């Protein structure tokens, strides 16, 4: 499985997930840069994602929704703050209503996704930082560790099938 470590840290208000992929950094980057590829791995298998807008540039916005098993939709957005292709990108990640307006009742996290070359391919580090321990606890209670792990663990298989 690609996910090798998960560290929720309420003291530092962070959630860090580390994964390793059997593909070069440039190939892993393409998964995040191409919304059609990202749809294949964003969200757990039972909550497939649809990306509506995908502007992975500083100041750009990404909007998407995940569809649950009963057809319910869960929307989210990224406000992209920095991009260092193919090594990293940073964004604010929030929950949204059906029109992709931010949901002020749920937390926004600052995220850094970084990709480094290792002998076996790529090590990805996904770090989310929250404004409060309560915000982090909210997403932990919503199942973010389980959902993110299931989603990230799809990437190796997707990459193998896409070769």
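Residue numbers (our numbering): 11 to 173. Cβ coordinates follow ideal geometry from the N, Cα and C atoms, glycine included. Keep in mind the model is a prediction, meaning the values are calculated, not measured.
1. Is DSSP giving residue 164 helix, strand or coil here?
2. Taking the straight line between their C-alpha atoms, what separation do you get for residue 161 and residue 123?
3. Could you check whether the region 52 to 60 touches the region 74 to 83, counting it as contact only if at least three pairs of C-beta atoms, one from each stretch, sit closer than 8 Å?
4. Can you tell me whether residue 103 is helix, strand or coil according to DSSP?
5. Is residue 37 near residue 132, with beta carbons less than 9 Å apart?
6. Measure the alpha-carbon distance for residue 91 versus residue 47 and round it to whole angstroms.
7. Just list the beta strand (DSSP E) runs in the region 50 to 131, keeping only unbroken ones of 3 residues or longer that don't cross its boundaries, in chain order.
8. Within the same chain, show all residues whose beta-carbon is closer than 6 Å to that of residue 17, passing over the 5 residues directly before and after it, in chain order.
9. Using a Cβ-Cβ cutoff of less than 8 Å, which residues in the same chain neighbour residue 142 once the five nearest sequence positions on both sides are dropped?
10. Just the C-alpha distance for residue 89 and residue 129, rounded to the nearest angstrom, thanks.
11. What separation, rounded to the nearest whole angstrom, lies between the Cα atoms of residue 51 and residue 164?
12. Any idea what DSSP makes of residue 32, helix, strand or coil?
13. When burial is assigned at 16 or more other CB atoms within 10 Å of the CB, is residue 29 buried or exposed?
14. Quick check: what's the CA-CA separation for residue 159 versus residue 69?
According to the structure shown:
1. Under the three-state reduction of DSSP, residue 164 is assigned to coil, being neither helix nor strand.
2. 15 Å
3. Cβ pair count under 8 Å is three or more, so yes.
4. Residue 103: strand per DSSP, three-state reduction.
5. yes
6. 21 Å
7. 59 to 64, 71 to 77, 83 to 94, 98 to 106, 119 to 128
8. 26
9. Around residue 142: 23, 117.
10. 32 Å
11. CA-CA distance, residue 51 to residue 164, rounds to 6 Å.
12. Residue 32: coil per DSSP, three-state reduction.
13. Label assigned to residue 29: buried.
14. 28 Å
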